[in-house]
Amino acid sequence: GQLSWVTATDVTAFYTWTPVLRPSIGTVDNPIRDVRIGGPAVRPAAAAGGVLDDVTEYPFFTHKVKDLYFSFIDKTSEECKKKCLDEFLSTRLIHWEAINLDGAAAPTAKVGSAADAHKEVLKKADEIFERIRNRVTKNVVLKTYNYFLVPLQTSLWTEIQGNITCLPDVDLKELFEVSASVSRLKDEEQRMQGIIRQFGEQESFFLLQAQRFSKRL
């Protein structure tokens with residue numbers, strides 16, 4: 001009964017820890033800054049290096065990457081839980097620990113009464129329980145590292161980059177709001193053309209005045 005209570009408690013705790021194991025959302029925003037893109041949606045300062053310098057300007061793209069990130073976290077954590085639950089669902093767990101226990105699993109000394117036998121059995125049960133608890137705890141920690149933390153270090157970025165790279169141009173244009181950016185740039189182009197015309201007229205005026213001044217001399 002003690003073993004089953006601890007086992008159920010540990011499983012419940014592991015599922016409760018999952019939100020805690022999910023890294024901060026800030027982890028998502030940092031890799032996005034390294035995504036190289038091109039096109040008119042990039043500001044001139046960023047276009048020179050081909051790197052996004054402010055992901056807040058592209059909320060749809062940021063949301064897409066966050067979805068991919070959390071999807072990877074959820075998938076990896078579920079796989080890790082399955083691996084860890086193998087430690088609790090082993091049908092011969094107690095039997096193996098009893099066999100591996102130093103000395104015989106059953107009391108070797110002669111007991112004089114039922115109370116002494118009961119005490120000896122409880123002692124052996126405590127020893128077996130302690131070994132099982134320590135082994136399960138150690139294995140769960142190792143599996144959490146191998147099946148959850150290691151993939152975050154090795155596979156996370158590759159999977160997100162692969163999904164983003166495979167997106168069609170239509171989806172990329174929507175994520176980066178290319179149509180809206182093109183419209184803003186066209187408006188800016190017209191404004192700049194008006195300024196250029198104004199400076200051109202001023203230049204012509206100064207050239208004309210310069211010619212007239214030269215003739216007077």
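Numbering (the numbering used here), first residue to last: 1 to 217. For glycine and all other residues, C-beta sits at the position ideal for the given N, C-alpha and C. Keep in mind it's a predicted model, so treat the numbers as computed, not measured.
Would residue i and residue j be called neighbours here (beta carbons separated by less than 8 Å)?
{"i": "ILE160", "j": "TYR69", "result": "yes"}
{"i": "TYR145", "j": "GLU79", "result": "no"}
{"i": "PHE176", "j": "PHE61", "result": "yes"}
{"i": "CYS84", "j": "LYS138", "result": "no"}
{"i": "GLU87", "j": "VAL121", "result": "no"}
Just the C-alpha distance for residue i and residue j, rounded to the nearest angstrom, thanks.
{"i": "ILE195", "j": "VAL182", "result": "20 Å"}
{"i": "ASP187", "j": "ASP54", "result": "22 Å"}
{"i": "ARG212", "j": "GLN202", "result": "15 Å"}
{"i": "ALA13", "j": "LYS66", "result": "Because ALA13 carries a pLDDT of 49, less than 50, the predicted location of this residue cannot be relied on, and the following value inherits that uncertainty. Their backbone Cα atoms lie some 26 Å apart in a straight line."}
{"i": "LYS81", "j": "ALA125", "result": "28 Å"}
{"i": "THR56", "j": "HIS63", "result": "10 Å"}
{"i": "LYS173", "j": "VAL150", "result": "34 Å"}
{"i": "LEU156", "j": "GLN193", "result": "46 Å"}
{"i": "ARG191", "j": "ASP171", "result": "30 Å"}
Determine the closest residue to residue i out of the options, with distance taken between C-alpha atoms.
{"i": "LEU152", "options": "PHE61, GLN202, LYS64, SER71", "result": "SER71"}
{"i": "LEU89", "options": "ASP171, VAL140, GLN193, LEU156", "result": "VAL140"}
{"i": "ILE99", "options": "GLU189, GLU127, GLN209, ARG197", "result": "GLU127"}
{"i": "THR154", "options": "ILE73, THR56, VAL65", "result": "ILE73"}
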